[in-house]
Structure formats: C-alpha cells, structure tokens
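Counted the way my numbering counts, the sequence shown spans residues 428 to 633. C-beta: ideal position from N, C-alpha, C; glycine also. To keep things clear, I will list the structure first and then write my remarks on it.
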Amino acid sequence: MPTLKLVLLGDSSVGKSSLVNRFAVDSFDPHSPNTIGAAFISKEHSFKDRKVKFEVWDTAGQERYKSLTPMYYRNAKVALICFDLSNAQASFQRAQYWIDQLRISGPPDISIRVVGTKKDLVDDASDSAAAGAASAELTAISEHCSDLGLSIVHTSAKSGQGVAEIFDSIVDSLDDEIFRQSDSEHAEPVQENVLLRFQSRNSSCC
C-alpha cells in the first residue's frame with residue numbers, strides 16, 4: 428500500500444481542520460479551535476480496488492506561521508488549497524498566494540487541487556441578490572482555475588458533501604506503477620530474510 432503525503436494550505440478559519448476531521452473521523456465540530464503550527468493525521472483510504480495511506484498535514488493559516496509552512500509541504504505529493512466559498516473572492520485571492528508559492532518553491536511533482544469550503548453557508552443563503560453575486564464570483568474562480576490547469580471542488584465539512592470525493596479522486600488519479608512499486612517494496616524484505624537464512628545455514632555447515 429503506497430503512502431502519500433498531503434498538505435492543506437489556506438487562510439485561518441477557512442475550514443481546513445474541519446475538512447480533515449470530516450475525512451479522518453467523519454465528524455464536525457463547529458467550535459474547532461485554530462491550528463497552532465500544524466496538525467498531523469494518518470489514515471488509510473480505499474477507492475475501488477485501491478488503498479492508500481494518507482499522511483495529512485493541516486497547516487496553520489495565521490500570518491505568524493506563514494514562514495514555517497514550506498517545511499510542511501516539502502516532499503508532499505498533493506496540496507489542497509482551501510478557500511471559503513461564503514467569502515469567495517477575497518478568500519480565493521489570499522489562497523492564490525499558496526498556488527504561486529507551490530509553483531515557485533514547491534516539490535516539482537506536487538499535484539495542486541483547489542478546494543472551496545463551507546458550501547452549506549452558500550446553499551443556505553436567503554438573499555437572492557447576494558446569492559447571484561456569489562455565483563458569479565464562483566464562476567470566475569472556476570474559470571481561473573481551469574486556465575491554471577487546476578481542478579476545483581466545492582465541499583461542506585458540516586454535511587460531508589464532497590469531502591470523501593477529494594480523496595477518491597486522488598487515489599483514482601495515481602498511476603498503477605505506484606501500486607506495483609509499493610507491492611514490490613513490501614515483498615523485498617521477505618525475500619532478503621529468506622536469503623539470509625539460507626546463507627546462515629550454509630555457513631554453519633562449512
């Protein structure tokens with residue numbers, strides 16, 4: 428089973444920790460405290476006939492921790508850039524910083540995915556004029572992501588909508604070779620141990 432390092436990036440209070448909690452333990456805490464530095468969880472996730480162990484780093488969004496963040500996305504294979512759908516334009520403009528940073532100094536093979544959070548707040552909006560403006564903003568953001576070659580998904584950690592699908596799509600996108608290599612790596616130590624036992628037995632007979 429391959430292991431995949433994944434990092435979440437985005438402003439404070441956009442819902443990164445809530446998204447991780449929904450993925451890890453299928454729960455939602457509306458009073459989740461802000462992350463200090465970074466938080467880590469490890470979870471196996473299956474999709475179709477594949478299984479991957481995700482090592483998830485949830486980074487703090489506060490400005491004072493920004494200089495520490497690069498060490499958390501070092502060697503990461505996937506980055507989820509999170510922004511708040513209920514404050515889409517301003518939140519995405521700040522999320523753009525992390526897209527730019529990853530393209531400048533991130534791992535060369537990292538997969539960048541854009542995640543809109545708090546979809547439930549957008550769905551529950553009662554002001555039709557505000558909802559129309561938000562829809563226009565989200566359309567513009569989706570088009571911008573498409574121009575950058577980035578996928579975008581809308582999620583709600585409160586309801587769970589779209590959360591598992593993020594990880595399903597990551598597993599589904601992995602090359603078959605990654606799973607073959609993982610199987611091979613797990614098999615090699617067994618072969619080596621057998622070989623060492625034979626060598627030890629032969630040496631004692633001589």
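With 16 other Cβ atoms within 10 Å as the buried cut-off, status of residue i
i: F467; result: exposed
i: A515; result: buried
i: I526; result: buried
i: A503; result: buried
i: Y576; result: Note that residue 576 corresponds to Gly in the displayed sequence, not to Tyr. By the 10 Å Cβ count, G576 comes out exposed.
i: A506; result: buried
i: A561; result: buried
Alpha-carbon to alpha-carbon, residue j and residue i
i: G589; j: H581; result: 6 Å
i: K432; j: L529; result: 15 Å
i: R491; j: D438; result: 12 Å
i: A465; j: T486; result: 4 Å
i: P429; j: V598; result: 10 Å
i: A567; j: P457; result: 29 Å
i: S586; j: H472; result: 19 Å
i: D574; j: T496; result: 26 Å
i: S440; j: I593; result: 20 Å
Cβ-based neighbour list, residue i, same chain, cut-off 6 Å, excluding 5 preceding and 5 following
i: S579; result: With the sequence shown as reference, residue 579 is identified as Ile, and Ser is not the correct amino acid for it. Around I579: V541, S569 and C572.
i: S583; result: K546 and D547
i: A451; result: I468 and K470
i: T462; result: S444, D485 and A487
i: R477; result: V598
i: F519; result: F510 and I568
Own chain partners of residue i with C-beta closer than 7 Å, once the 5 adjacent residues on each side are dropped
i: E564; result: A515 and Q516
i: R449; result: F455, A584, G587 and V590
Delimiting residues of the beta strand (DSSP E) encompassing residue i
i: E471; result: A465 to F474
i: T430; result: T430 to L436
i: F481; result: R477 to T486
i: I508; result: V505 to D511
Segment limits, alpha helix (DSSP H) that includes residue i
i: S445; result: K443 to V452
Sequence-distant residues of the same chain with beta carbon closer than 8 Å to residue i, five excluded per side
i: W499; result: Note on identity: in this sequence residue 499 is Tyr, with Trp being the wrong assignment. Here the set comprises V434, A465, W484 and T486.
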